[in-house]
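Data first, discussion second: the structure below is written as structure tokens.
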Amino acid sequence: MKKTVVLGVTGSIAAYKGAGLCSKLVQANFDVVVMMTQSATKLVTEQTFLTLSKNPVITDLWDVPEWQPGHISLANKAELLVVAPATANFIGKYVNGIADDALTTYALSHPGKVVIAPAMNPKMWNHPAVQANVEILKKRGVIFCGPADGRVACGADGTGRLESIETILNVIISTL
Ligand SMILES: Cc1cc2nc3c(=O)[nH]c(=O)nc-3n(C[C@H](O)[C@H](O)[C@H](O)COP(=O)(O)O)c2cc1C
Numbered sequence: 003m004k005k006t007v008v009l010g011v012t013g014s015i016a017a018y019k020g021a022g023l024c025s026k027l028v029q030a031n032f033d034v035v036v037m038m039t040q041s042a043t044k045l046v047t048e049q050t051f052l053t054l055s056k057n058p059v060i061t062d063l064w065d066v067p068e069w070q071p072g073h074i075s076l077a078n079k080a081e082l083l084v085v086a087p088a089t090a091n092f093i094g095k096y097v098n099g100i101a102d103d104a105l106t107t108y109a110l111s112h113p114g115k116v117v118i119a120p121a122m123n124p125k126m127w128n129h130p131a132v133q134a135n136v137e138i139l140k141k142r143g144v145i146f147c148g149p150a151d152g153r154v155a156c157g158a159d160g161t162g163r164l165e166s167i168e169t170i171l172n173v174i175i176s177t178l
């Protein structure tokens, strides 16, 4: 039986790379359910993830096709939540238990393992607020993958690039 992975995609310029990860996860025989934040949908389309995952894409907490909301029914079967790319905003909300959209609500409902692959401008990544949030999540058992060093989309050099898809996939496989 396929293992279910929830792939959270947030509003980072690296959101398109989430599509590559989705494709690799499907090829690795995972059942992939994608949740996109509203910001993510401005950068890459829901249709892309629908086609790659072959599952409905969840973008709206209030779009509830079954009696049980998706964040509850999925939490009973998903083995892993991976958020790639993860924005500074997502990390901050998750640390503080904020659940104001489908993905953050799901994250608080998810009892299993969590992998976060951040992607952001190096100044954002190095901000004390972000670093403090990451440390808290690590202490709670969240597995961080990246970010990597190099040039980010806005042209700055430093730490903030989304880790490579291969590395994120390997972390997911070894975590499961
Ligand atoms: C073009 C563009 C690219 C962005 N890229 C990033 C990014 O790589 N990382 C990040 O943390 N925020 C980035 N942001 C800011 C987030 O989109 C913003 O903080 C948003 O509130 C995140 O919402 P979400 O966490 O619900 O997806 C970007 C914004 C824009 C307009």
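Numbering-wise (this note's numbering), the sequence shown opens with residue 3 and increments by one.
Where is the CB? At the ideal position from N, CA and C, for every residue including glycine.
Each of Ala17, Lys5, Thr6 and Val8 was checked against the Cα of Glu165, and the nearest Cα belongs to Ala17.
Per DSSP, Ala131 is one residue of the alpha helix (DSSP H) stretching across Pro130 to Lys141. Remark: the shortest separation between the CB of Thr12 and any heavy atom of ligand 1 falls under 6 angstroms. Judged by DSSP secondary structure, Val7 falls within the beta strand (DSSP E) whose first and last residues are Thr6 to Val11. One thing to note: Ala134 has its Cβ no nearer than 7 angstroms to the Cβ of Pro87. Between ligand 1 and the CB of Thr61, the shortest heavy atom gap is not smaller than 6 angstroms. The beta carbon of Arg163 sits closer than 8 angstroms to those of Ala16, Ala121, Gly148, Pro149, Ala150, Asp151, Gly152, Arg153 and Val154, all from its chain and outside the five residues before and after it, given in chain order.
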